[in-house]
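> Protein chains in written order, with our numbering: chain P, 1 to 320; chain C, 321 to 427.
Have a look at this one.
Put into structure tokens, the structure is as follows:
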């Protein structure tokens, strides 16, 4: 198990006041909240910050944690001494509403897995309830644009909270084979009925909400149902018109470029976006004219000829 | 491993009543009313009984709940955050697209 330096996590000194702890936590919680921060590690950072705050906001837990002093480095292999918590009493509250099942093994070895708020917490956030239905879970699922274009199946492993025989909250890995239907879009939710946390008593299980996130694509940019592509073309293709191959999520297609096209001109490939049975997505191709370098004598001569024979002033609208 | 899970995709095609929405997001109708008053949700239909909510709005409800629980943001702040998040998303998209319009070093 790795030692966790909660002071470093919150970016504060070991002698920070309780007010400083609170301010640092609030600032970082805003920064790393997974609904706000789109970085891949935002959710884990958010949880780390919540865990650090859980310990440092409470004078007793903080004092116990401080007993380790500065001899420990973050990441160092760590086992708590058997009597480390002598003289401290954690049963009497002091826990935040953060969901302890999300905390690290390090936290659990020191402060126990149970006891904190009881379920409502970071990124599983639901109103507290007593109906017996299990908690709803939220997770992100990263897929490729091609997966949405065609529809796919993906297996996904989640840490799902459950109660063990003695009633403690534990997490169990749970693998699901998820159908990703054709035409899902970024940020869209898929609800998997009954795949959330187990219910209390005979209550039904909660639901699992998956949020679709697209992996970065080398060429295509998604815009809701549409797919955007910048297509490099030659000056003669632009000037004379041409039929050229264009990549789409479904493979290569031929696109006709009208004569006299300019950089920035947008052409539509109907139905080549993220379509469902009822909704149509298109691919939009934005032309970008690439000018070849004049490297040989012949090439230079060609450009010289154009210069002499074409009366072209690209700056006429600037009045120069 | 389980297959054939029962799933719903929340996209433009699905619509829900107030009752369905409340049970799905596990919130009180008053919370939905508050979000409507704040302009966070805009259902179709004349009154609560006729309201139809686009499934895509479930995302806004879930983010609202989390922002309020996790960051203690009040309702007007939540509305502002949602608007700004959407605007940032738009800007990111056009930035990515513009970056790709730039002439590559080698071609």
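Idealized CB from N, CA, C, for every residue including glycine.
None of the values given here were measured: they were computed from a predicted structure.
Is the beta carbon of residue 228/P closer than 9 Å to that of residue 417/C?
It is a contact, given that the beta carbons lie within the stated cut-off.
> Taking C-beta to C-beta, are residue 10/P and residue 52/P nearer than 9 Å?
Contact flag set, yes.
> Going by the CB atoms, is the gap between residue 178/P and residue 141/P shorter than 9 Å?
Yes, these two residues count as a Cβ contact at 9 Å.
> Taking only the alpha-carbon atoms, compute the straight-line gap between residue 4/P and residue 40/P and give it to the nearest angstrom.
Each residue's alpha carbon lies about 21 Å from the other.
> By a C-beta neighbour count over all protein chains shown, 10 Å radius and 16 as the cutoff for buried, is residue 136/P buried or exposed?
Residue 136/P should be labelled buried.
> Which residues of chain P have a Cβ atom closer than 8 Å to the Cβ of residue 373/C, listed in chain order?
Those within 8 Å of residue 373/C in chain P number zero; the least Cβ separation is about 13 Å.
> When burial is assigned at 16 or more other CB atoms within 10 Å of the CB, is residue 34/P buried or exposed?
So residue 34/P counts as buried.
> Quick check on residue 10/P: does DSSP put it in helix, strand or coil?
Correct three-state label for residue 10/P: helix.
> So, residue 173/P versus residue 158/P, is the Cβ gap smaller than 9 Å?
Against a cut-off of 9 Å, the Cβ pair of residue 158/P and residue 173/P comes out as a contact.
> What separation, rounded to the nearest whole angstrom, lies between the Cα atoms of residue 42/P and residue 232/P?
Their backbone Cα atoms lie some 35 Å apart in a straight line.
> Spell out whether any CB of chain P is found under 9 Å from the CB atom of residue 467/C.
Residue 467/C falls outside the range modelled here, since chain C spans only 321 to 427, and no answer is possible.
> Answer yes or no: does any C-beta atom of chain C fall closer than 9 Å to that of residue 17/P?
Cβ-Cβ to chain C under 9 Å: no for residue 17/P.
> Does the pairing of the segment 302 to 316 of chain P with the segment 246 to 256 of chain P give three or more beta-carbon distances under 8 Å?
The segment 302 to 316 of chain P, when compared against the segment 246 to 256 of chain P, does not touch it at the 8 Å Cβ threshold.
> Since residue 178/P meets chain C, which of its residues come closer than 8 Å, beta carbon to beta carbon?
Simply 325, 327.
> Tell me, please, which residues DSSP counts as bridged to residue 387/C.
Residue 387/C is not bridged to any residue.
> Identify which residue in 225/P, 200/P, 215/P, 12/P has its Cα closest to the Cα of residue 270/P.
Ranking 225/P, 200/P, 215/P, 12/P by Cα distance to residue 270/P puts 225/P first.
> Along the segment 330 to 350 of chain C, where does the CB come closer than 9 Å to a CB of chain P? Name the residues.
The residues in question are 330, 331, 332, 333, 344, 345, 346, 347, 348.
> Per the DSSP calculation, residue 226/P is bridged to which residue(s)?
DSSP lists 223/P as partners of residue 226/P.
> Cβ of residue 106/P within 9 Å of Cβ of residue 2/P?
Closer than 9 Å, so yes.
> Just by C-beta distance, which residues in the segment 19 to 50 of chain P are closer than 7 Å to chain C?
Under the 7 Å Cβ criterion, the segment 19 to 50 of chain P contributes 29, 30, 33, 35, 36.
> Check the Cβ-Cβ distances between residue 409/C and every residue of chain P, and say whether any is below 9 Å.
Yes, residue 409/C counts as interfacial toward chain P.
> Taking C-beta pairs closer than 8 Å, name the residues in chain C that residue 192/P reaches, listed in chain order.
325, 326, 327, listed in chain order.
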